[in-house]
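Data block below; observations after.
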Amino acid sequence: MERIELSVDRIEPWQYFKLLVKLRLRRVGWLYALFCAIGLFQLTSSSMDHSVDHLGFLLLSLPLVMVGVLWYWAYRMDNRAMLEARHFTLDPDKLVGTTQDGSRGEIPWNRIQRVLEIDAKVLLYVSAGQMIILPRSAFLDIADLTRVKSWVQASKKE
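In my numbering, the protein residues as written are 1117 to 1274.
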(Lines of atoms letter the chains of each structure in order from A and count residues from 1; the text may use other names and numbers.)
(Lines give C-alpha, C1' and ligand atoms only; values in the text may rest on other atoms or scores of the structure.)
Protein backbone atom coordinates (compact mmCIF):
# COMPACT_ATOMS: atom_id res chain seq x y z
CA MET A 1 0.00 0.00 0.00
CA GLU A 2 1.20 3.45 -0.76
CA ARG A 3 1.68 6.20 1.77
CA ILE A 4 -0.52 9.26 2.08
CA GLU A 5 1.01 12.75 2.18
CA LEU A 6 -0.97 15.52 3.92
CA SER A 7 -0.17 19.17 4.43
CA VAL A 8 -2.17 20.70 7.25
CA ASP A 9 -2.46 24.46 7.61
CA ARG A 10 -2.16 26.23 10.92
CA ILE A 11 -5.22 25.93 13.16
CA GLU A 12 -6.35 29.22 14.64
CA PRO A 13 -7.06 29.31 18.39
CA TRP A 14 -10.72 30.26 17.78
CA GLN A 15 -11.13 27.17 15.57
CA TYR A 16 -9.59 25.01 18.29
CA PHE A 17 -11.88 26.62 20.89
CA LYS A 18 -14.93 25.95 18.73
CA LEU A 19 -13.87 22.32 18.29
CA LEU A 20 -13.32 21.88 22.05
CA VAL A 21 -16.77 23.32 22.85
CA LYS A 22 -18.45 21.03 20.32
CA LEU A 23 -16.65 17.99 21.68
CA ARG A 24 -17.58 18.93 25.26
CA LEU A 25 -21.24 19.54 24.39
CA ARG A 26 -21.35 16.27 22.50
CA ARG A 27 -20.18 14.43 25.58
CA VAL A 28 -21.90 16.25 28.46
CA GLY A 29 -24.30 18.69 26.81
CA TRP A 30 -27.25 16.93 28.43
CA LEU A 31 -25.76 17.63 31.85
CA TYR A 32 -25.34 21.33 31.11
CA ALA A 33 -28.94 21.47 29.87
CA LEU A 34 -30.06 19.80 33.11
CA PHE A 35 -28.04 22.31 35.17
CA CYS A 36 -29.65 25.21 33.32
CA ALA A 37 -33.15 23.76 33.69
CA ILE A 38 -32.75 23.18 37.44
CA GLY A 39 -31.14 26.60 37.85
CA LEU A 40 -34.00 28.34 36.04
CA PHE A 41 -36.52 26.36 38.08
CA GLN A 42 -34.79 27.39 41.31
CA LEU A 43 -34.74 31.06 40.31
CA THR A 44 -38.37 31.15 39.18
CA SER A 45 -39.82 29.16 42.06
CA SER A 46 -41.67 31.24 44.62
CA SER A 47 -39.77 30.07 47.63
CA MET A 48 -39.47 32.18 50.74
CA ASP A 49 -35.96 30.93 51.34
CA HIS A 50 -33.60 33.06 49.24
CA SER A 51 -30.59 30.89 50.05
CA VAL A 52 -31.86 28.46 47.42
CA ASP A 53 -31.45 31.22 44.81
CA HIS A 54 -27.68 30.84 45.15
CA LEU A 55 -28.03 27.26 43.98
CA GLY A 56 -29.87 28.49 40.89
CA PHE A 57 -27.14 31.00 40.08
CA LEU A 58 -24.47 28.36 40.64
CA LEU A 59 -26.16 25.85 38.35
CA LEU A 60 -26.65 28.48 35.64
CA SER A 61 -23.05 29.63 35.87
CA LEU A 62 -21.37 26.20 35.65
CA PRO A 63 -21.72 25.90 31.83
CA LEU A 64 -20.39 29.45 31.45
CA VAL A 65 -17.41 28.65 33.66
CA MET A 66 -16.65 25.60 31.52
CA VAL A 67 -16.77 27.72 28.35
CA GLY A 68 -14.31 30.11 30.01
CA VAL A 69 -11.98 27.23 30.91
CA LEU A 70 -12.09 25.92 27.33
CA TRP A 71 -11.43 29.42 25.96
CA TYR A 72 -8.42 29.76 28.25
CA TRP A 73 -7.16 26.33 27.18
CA ALA A 74 -7.48 27.12 23.46
CA TYR A 75 -5.67 30.45 23.74
CA ARG A 76 -2.84 29.27 26.03
CA MET A 77 0.67 29.98 24.82
CA ASP A 78 1.58 26.36 25.63
CA ASN A 79 -0.68 25.21 22.80
CA ARG A 80 1.10 27.29 20.18
CA ALA A 81 3.21 24.31 19.03
CA MET A 82 0.13 22.14 18.59
CA LEU A 83 -1.65 24.73 16.45
CA GLU A 84 1.13 25.34 13.91
CA ALA A 85 1.19 24.03 10.34
CA ARG A 86 2.43 20.48 9.86
CA HIS A 87 3.16 17.96 7.17
CA PHE A 88 1.97 14.40 7.78
CA THR A 89 3.05 11.19 6.12
CA LEU A 90 0.72 8.28 6.76
CA ASP A 91 1.76 4.76 5.87
CA PRO A 92 0.46 1.32 6.91
CA ASP A 93 2.71 1.23 10.00
CA LYS A 94 2.72 4.73 11.43
CA LEU A 95 1.90 8.40 11.21
CA VAL A 96 4.87 10.77 10.86
CA GLY A 97 4.37 14.45 11.62
CA THR A 98 6.89 17.14 10.68
CA THR A 99 6.62 20.76 11.79
CA GLN A 100 7.91 23.81 9.94
CA ASP A 101 10.98 24.04 12.17
CA GLY A 102 11.96 20.46 11.33
CA SER A 103 10.73 18.70 14.46
CA ARG A 104 9.58 15.19 13.66
CA GLY A 105 7.42 12.72 15.53
CA GLU A 106 6.31 9.19 14.75
CA ILE A 107 3.19 7.59 16.17
CA PRO A 108 2.46 3.92 15.41
CA TRP A 109 -1.17 3.18 14.56
CA ASN A 110 -1.60 0.99 17.65
CA ARG A 111 -1.18 4.16 19.78
CA ILE A 112 -4.22 5.79 18.15
CA GLN A 113 -7.19 5.12 20.45
CA ARG A 114 -9.97 6.15 18.10
CA VAL A 115 -10.80 8.13 14.98
CA LEU A 116 -13.60 10.71 15.16
CA GLU A 117 -15.01 12.88 12.37
CA ILE A 118 -16.60 16.19 13.36
CA ASP A 119 -17.09 19.45 11.43
CA ALA A 120 -15.00 18.52 8.39
CA LYS A 121 -12.17 17.47 10.68
CA VAL A 122 -10.71 14.06 11.42
CA LEU A 123 -9.51 13.67 15.01
CA LEU A 124 -6.98 10.96 15.79
CA TYR A 125 -7.01 10.45 19.55
CA VAL A 126 -3.61 9.48 20.94
CA SER A 127 -4.89 9.52 24.52
CA ALA A 128 -7.89 10.88 26.39
CA GLY A 129 -6.91 14.54 26.07
CA GLN A 130 -4.50 14.50 23.15
CA MET A 131 -5.55 14.45 19.53
CA ILE A 132 -4.15 15.10 16.11
CA ILE A 133 -6.47 17.34 14.11
CA LEU A 134 -6.56 16.75 10.37
CA PRO A 135 -8.94 18.60 8.04
CA ARG A 136 -10.96 16.22 5.93
CA SER A 137 -10.13 18.38 2.90
CA ALA A 138 -6.43 17.45 3.29
CA PHE A 139 -7.28 13.93 2.13
CA LEU A 140 -7.41 13.57 -1.64
CA ASP A 141 -10.52 11.40 -1.51
CA ILE A 142 -12.65 9.31 0.81
CA ALA A 143 -10.60 6.21 -0.04
CA ASP A 144 -7.56 7.71 1.71
CA LEU A 145 -9.57 8.38 4.86
CA THR A 146 -11.03 4.87 4.74
CA ARG A 147 -7.53 3.47 4.38
CA VAL A 148 -6.34 5.35 7.49
CA LYS A 149 -9.31 4.01 9.47
CA SER A 150 -8.54 0.49 8.29
CA TRP A 151 -4.88 0.88 9.37
CA VAL A 152 -6.03 1.94 12.85
CA GLN A 153 -8.48 -0.98 13.05
CA ALA A 154 -5.88 -3.47 11.81
CA SER A 155 -3.40 -2.32 14.46
CA LYS A 156 -6.00 -2.91 17.19
CA LYS A 157 -6.39 -6.55 16.15
CA GLU A 158 -2.67 -7.28 16.42
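Glycine included, every Cβ here is placed at the ideal spot set by N, Cα and C.
- V1238 and L1250 do touch by the CB rule: their CB atoms are close to 5 Å apart, below 8 Å.
- Residue pairing by DSSP places Y1241 opposite R1230 and M1247 in a beta bridge.
- Sorting G1218, R1252, I1228 and F1173 by C-alpha distance to the C-alpha of H1203 places G1218 at the top.
- Setting aside the 5 residues that flank it on each side, A1236 is surrounded in the same chain by R1252, each with a C-beta closer than 6 Å to its C-beta; the list follows chain order.
- Straight through space, the alpha carbons of H1170 and F1157 are spaced by roughly 12 Å.
- A contact is defined here as three or more CB-CB pairs under 8 Å, and the region 1124–1131 meets this definition with respect to the region 1189–1198.
- Secondary structure remark: continuous alpha helix (DSSP H) runs of at least 4 residues inside the region 1124–1188, in chain order: 1129–1160.
- Your pair F1133 and L1176 does not check out as a contact, with CB atoms roughly 21 Å apart and the cut at 8 Å.
- Between D1209 and the set I1154, I1228, S1123 and I1234, the nearest pair of CA atoms involves I1228.
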